[in-house]
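Take a look at the structure below.
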Amino acid sequence: MHFTAQTSSNGVLERSFTLGDITGVLFSPESGSVEGMPLLLSGHSGGMHKRAPGLVASAQHKVTSRGYTIAAIDAPGHGDRPRNARDQQWVDALHAARAAGEPMDQVIIDYNTSLAERAVPEWQATIDALQALPEIGAEAPIGYGGTTLGVVIGLMLTIAEPRITAAAFGPVFSFEALLEAARQLTIPVDFTIAWDDEEIGRQPGLELFDACASADKALHIYPGRHQRMAGFMADNHTRFFDTHLRRIAEPAI
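Just so you know, my numbering puts 528 at position 173 of the sequence shown, and the rest follows in order with no gaps.
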């Protein structure tokens, strides 16, 4: 892992890094990380990147209010990573379907599945590199949070990666491979869906929650539209990670 740039503002240290072809960013307390505090992995939405405004705002809040360390990487063909020819075909198909008012579900499913297959080993390599950093170490509890594309990648990642011990997911298209992954998910998980989501709809999130095998799972529904989550709903994810990660990090009294 090579750190390529560094900035500091309002108590948050932001470091850009590369790991082979992977481009990422690490948010941590400017005063230094506390040993054993959680590491959160943040998956961005489709078409976005590691520094999407919502992702950055959430990361900064968790760093300053909780002392967490947050890592985000660009999915293949996103952010600072060039698209290959096949990815460009999927993107073009999405734009054409949207312009024509035609269904996009199958294109999204195929594209996101391909991205997840490539992103899972990249996230695992990133975890390896992050755990090698002295300010994080191998003992820090690890959680994952994401929405849309970040959910597809996150579900595939969490069933393959035992180091992740809690996950929080937002809206996503459901499909059989994703439902099958959810049936294998046994760690604590928190789902959030928008009841009035005009792009994805509420049913996929309900199906995914129902399929999840975890005995410790929660579903939060807010009366909003796609990607318009109310602030108090975003705080639910923070409380969720406080419960399921910080209790691991902090010694029993």
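We put the beta carbon where it would ideally sit given N, CA and C, even for glycine.
Start-to-end residues for the alpha helix (DSSP H) that takes in residue i
{"i": "Ser-413", "result": "408-421"}
{"i": "Gly-501", "result": "Note, Gly-501: premise wrong, no alpha helix (DSSP H); beta strand (DSSP E) at 497-501."}
{"i": "Leu-510", "result": "504-515"}
{"i": "Val-446", "result": "440-455"}
Backbone secondary structure at residue i - three-state DSSP
{"i": "Gln-361", "result": "strand"}
{"i": "Ala-536", "result": "helix"}
{"i": "Val-527", "result": "coil"}
{"i": "Val-630", "result": "The displayed coordinates of the chain run from 356 to 608. Any statement about residue 630 would go beyond what the structure contains."}
{"i": "Asp-494", "result": "Per the sequence shown, residue 494 should be read as Glu rather than Asp. Glu-494: coil per DSSP, three-state reduction."}
{"i": "Gly-556", "result": "coil"}
{"i": "Arg-370", "result": "strand"}
{"i": "Ile-425", "result": "strand"}
{"i": "Ala-607", "result": "Interpretation of Ala-607 is limited by its pLDDT of 37, a score under 50 that renders its predicted location unreliable; the figure taken from the coordinates is listed afterwards. In the structure shown, Ala-607 sits in coil (DSSP, three-state: anything other than H, G, I, E or B)."}
{"i": "Val-389", "result": "coil"}
{"i": "Ala-521", "result": "strand"}
{"i": "Thr-593", "result": "helix"}
{"i": "Met-356", "result": "coil"}
{"i": "Ala-573", "result": "strand"}
Cut-off 6 angstroms between Cβ atoms - residues of its own chain near residue i, not counting five sequence neighbours on either side
{"i": "Leu-504", "result": "Ser-400, Gly-401 and Asn-467"}
{"i": "Ala-454", "result": "none"}
{"i": "Pro-489", "result": "none"}
For residue j and residue i, the rounded distance between their alpha carbons
{"i": "Gly-296", "j": "Gly-500", "result": "In the structure as shown, the chain starts at 356 and stops at 608, and residue 296 therefore has no counterpart that could be examined."}
{"i": "Ala-566", "j": "Asp-429", "result": "28 angstroms"}
{"i": "Arg-441", "j": "Arg-473", "result": "13 angstroms"}
{"i": "Gly-391", "j": "Pro-437", "result": "36 angstroms"}
{"i": "Gln-415", "j": "Phe-382", "result": "7 angstroms"}
{"i": "Ile-608", "j": "His-404", "result": "Bear in mind that a pLDDT of 35 at Ile-608, under 50, signals an unreliable position, so the number given afterwards is only what the model happens to contain. Each residue's alpha carbon lies about 41 angstroms from the other."}
{"i": "Val-507", "j": "Phe-530", "result": "10 angstroms"}
{"i": "Glu-495", "j": "Thr-502", "result": "Correcting the residue type first, residue 495 is Ala in the shown sequence and not Glu. Approximately 23 angstroms between the Cα atoms of the pair."}
{"i": "Thr-593", "j": "Thr-359", "result": "29 angstroms"}
{"i": "Ala-549", "j": "Arg-557", "result": "7 angstroms"}
{"i": "Pro-517", "j": "Gly-379", "result": "22 angstroms"}
{"i": "Asp-447", "j": "Asp-465", "result": "13 angstroms"}
{"i": "Asp-435", "j": "Arg-370", "result": "15 angstroms"}
{"i": "Arg-406", "j": "Asp-376", "result": "17 angstroms"}
Residues of its chain near residue i, where Cβ-Cβ distance is below 7 angstroms and the 5 sequence neighbours each way are ignored
{"i": "Glu-385", "result": "Ser-363, Gly-366, Val-367 and Leu-368"}
{"i": "Leu-574", "result": "Phe-546 and Phe-564"}
Residues near residue i in its chain [Cβ-Cβ closer than 8 angstroms; skip 5 each side]
{"i": "Gly-498", "result": "Pro-393, Leu-394, Leu-395, Leu-396, Ile-519, Thr-520, Ala-521, Ala-522, Ala-523, Phe-596, His-599 and Leu-600"}
{"i": "Ala-452", "result": "Pro-458, Met-459 and Val-462"}
Beta-carbon proximity of residue i to residue j, cut-off 7 angstroms
{"i": "Ser-512", "j": "Val-475", "result": "Inspection of the sequence shows that residue 512 is occupied by Leu rather than by Ser. Yes, the Cβ-Cβ distance between Leu-512 and Val-475 is below 7 angstroms."}
{"i": "Leu-410", "j": "Ala-426", "result": "no"}
{"i": "Pro-431", "j": "Leu-470", "result": "yes"}
{"i": "Leu-485", "j": "Leu-510", "result": "no"}
{"i": "Gln-538", "j": "Ala-570", "result": "One detail in the question is off: residue 538 reads as Arg in this sequence, not Gln. Going by C-beta atoms, Arg-538 is not nearer than 7 angstroms to Ala-570."}
{"i": "Ile-323", "j": "Ala-536", "result": "Summary: the structure shown does not reach residue 323, with the chain confined to residues 356 through 608, and so no result is reported for it."}
{"i": "Ser-388", "j": "Thr-419", "result": "no"}
{"i": "Val-544", "j": "Lys-572", "result": "yes"}
Extent of the continuous beta strand (DSSP E) to which residue i belongs
{"i": "Asp-545", "result": "544-549"}
{"i": "Lys-405", "result": "That residue, Lys-405, is in no beta strand (DSSP E); it is neither H nor E in DSSP."}
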